[in-house]
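Okay, so here's the structure we're looking at.
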Amino acid sequence: KGNSDLSNRGLDIKGEMTRYRAGLASAPIAGFMVMYNKHTLSLEDLGTLEEQNWLNDQIINMYGELIMEATQHKVHFFNSFFHKQLVAKGYDGVKRWTKKVDLFSKWLLLIPIHLEIHWSLVTVTMATKTISYYDSQGIVFRHTTDNIMKYLQSEAREKKQTAFQKGWKITIIKVTLMLRYCRRLSIKQPLQFTQEDMPHIRKRIYKELCDCRLND
Numbered sequence: 228k229g230n231s232d233l234s235n236r237g238l239d240i241k242g243e244m245t246r247y248r249a250g251l252a253s254a255p256i257a258g259f260m261v262m263y264n265k266h267t268l269s270l271e272d273l274g275t276l277e278e279q280n281w282l283n284d285q286i287i288n289m290y291g292e293l294i295m296e297a298t299q300h301k302v303h304f305f306n307s308f309f310h311k312q313l314v315a316k317g318y319d320g321v322k323r324w325t326k327k328v329d330l331f332s333k334w335l336l337l338i339p340i341h342l343e344i345h346w347s348l349v350t351v352t353m354a355t356k357t358i359s360y361y362d363s364q365g366i367v368f369r370h371t372t373d374n375i376m377k378y379l380q381s382e383a384r385e386k387k388q389t390a391f392q393k394g395w396k397i398t399i400i401k402v403t404l405m406l407r408y409c410r411r412l413s414i415k416q417p418l419q420f421t422q423e424d425m426p427h428i429r430k431r432i433y434k435e436l437c438d439c440r441l442n443d
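If you're matching positions, the sequence shown starts at 228 in the numbering used here and goes up one per residue.
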């Protein structure tokens, strides 16, 4: 249904935003916003989905929330600021982030990584104790996966999960558009799309964020 809706409407993100802004000029409201749980998206946030723009933290984090809801929280999506905090302050600086979350009961963890110039993704498959690093440019930051592995080992010790204190393995995979991979991985679907699909995928993400629900 999601694909059909987009095709029929011929959704153009830039055009949609132009119409919204034109409407707001005479509207008796402060501005257009999408609100979902604790997340709020402005037109400027949604504008990062235009063309080849770099997605901002607000887009990343709200989409992650939608993924968790769609999977009934069998998948855990970490806030986009998690890894930076982990690097800066170590395990003690982030352990409260999962105080009420049992990571080891999830089947998949999704961890967005902010690399200043683009986004990468680290996933953790609990059943196989596999940490996978996804990057669109094929850039490998081994210290990133090492940081996540050390974090998981510390979390396992903190939560007394002895089976997860060792035996982790790491894989590296080249991808495009991190958010789409998050969604496909979360519902165990094949990663079958190319660079040519990116404009349509960005439009789909735009619509899902505006609807506050995923369409797969």
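Built from N, CA and C at the ideal position, the CB exists for glycine as well.
Predicted model only: the values in this text are computed from it and were never measured.
Please indicate yes or no: does the CB of residue i lie closer than 8 Å to some heavy atom of the ligand MN?
i: Asn264; result: Although the ligand MN was asked about, the structure shown includes no ligands whatsoever.
Can you tell which of the options has the C-alpha that lies nearest to the C-alpha of residue i?
i: Phe309; options: Tyr378, Gly274, Lys415; result: Tyr378
i: Asn283; options: Leu293, Leu268, Glu292, Ala297; result: Leu268
i: Gly394; options: Leu337, Ala354, Leu336, Ala315; result: Ala354
i: Lys356; options: Ala390, Phe259, Leu293; result: Ala390
i: Leu404; options: Arg323, Ile432, Met289, Tyr318; result: Ile432
i: Glu435; options: Asp362, Asn280, Ile294, Leu342; result: Ile294
i: Ile375; options: Glu343, Thr352, Glu277; result: Thr352
i: Ser307; options: Glu423, Lys415, Leu406; result: Leu406
i: Met425; options: Met262, Glu277, Lys301; result: Glu277
i: Phe304; options: Asn280, Asp373, Leu336, Val321; result: Leu336
i: Ile220; options: Trp281, Gly320, Gln299, Arg323; result: No information on residue 220 is available, as it lies outside the stretch 228 to 443 that the chain covers here.
i: Thr372; options: Val314, Lys387, Glu423; result: Val314
i: Glu292; options: Ser332, Glu271, Asn264, Lys316; result: Asn264
i: Ile414; options: Gln422, Leu441, Cys437; result: Leu441
i: Leu342; options: Tyr408, Arg323, His370; result: His370
i: Lys396; options: Asp329, Lys333, Tyr360; result: Tyr360
i: Gln279; options: Trp346, Glu382, Ile400, Val261; result: Trp346
i: Ile400; options: Gln364, Glu423, Arg411; result: Gln364
i: Lys386; options: Trp334, Asp329, Thr275, His266; result: Asp329
i: Arg213; options: Lys316, Thr350, Arg323, Thr275; result: What the structure shows of the chain is the stretch from 228 to 443, and residue 213 is not part of that stretch, so it cannot be assessed.
Can you tell me whether DSSP reads residue i as helix, strand or coil?
i: Leu336; result: strand
i: Val321; result: helix
i: Leu441; result: coil
i: Gly229; result: With a pLDDT of only 38 at Gly229, under the threshold of 50, the placement of this residue in the model should not be trusted, and no figure is reported.
i: Asp424; result: helix
i: Met326; result: Residue 326 is actually Lys in this sequence, not Met. Correct three-state label for Lys326: coil.
i: Tyr433; result: helix
Let me check one thing: in DSSP terms, what residues is residue i bridge-paired to?
i: His341; result: Trp346
i: Thr352; result: Leu335, Thr357
Can you find a C-beta in chain C that's less than 9 Å from the C-beta of residue i?
i: Ile340; result: Absent from the structure is chain C; it holds one protein chain and no more.
Contact defined as beta carbons within less than 8 Å: I believe residue i pairs with residue j. What is the distance between those atoms, to the nearest angstrom?
i: Ile358; j: Leu348; result: No, Ile358 and Leu348 are not in contact; Cβ-Cβ is about 11 Å, not under 8 Å.
i: Gln312; j: Val302; result: With 8 Å as the limit, Gln312 and Val302 do not qualify as a contact, their Cβ atoms being about 21 Å apart.
i: Gln388; j: Phe331; result: 5 Å
i: His286; j: Asp272; result: Sequence check: residue 286 is Ile here, not His. Sure, about 6 Å apart at Cβ, within 8 Å.
i: Glu382; j: Thr325; result: 7 Å
i: Cys439; j: Val261; result: 7 Å
Whole beta strand (DSSP E) elements within the region 358 to 420, 3-residue minimum: With a minimum length of 3 residues, the continuous beta strand (DSSP E) runs that stay inside the region 358 to 420 are 396 to 401.
Whole alpha helix (DSSP H) elements within the region 246 to 316, 4-residue minimum: You should have 270 to 273, 284 to 297.
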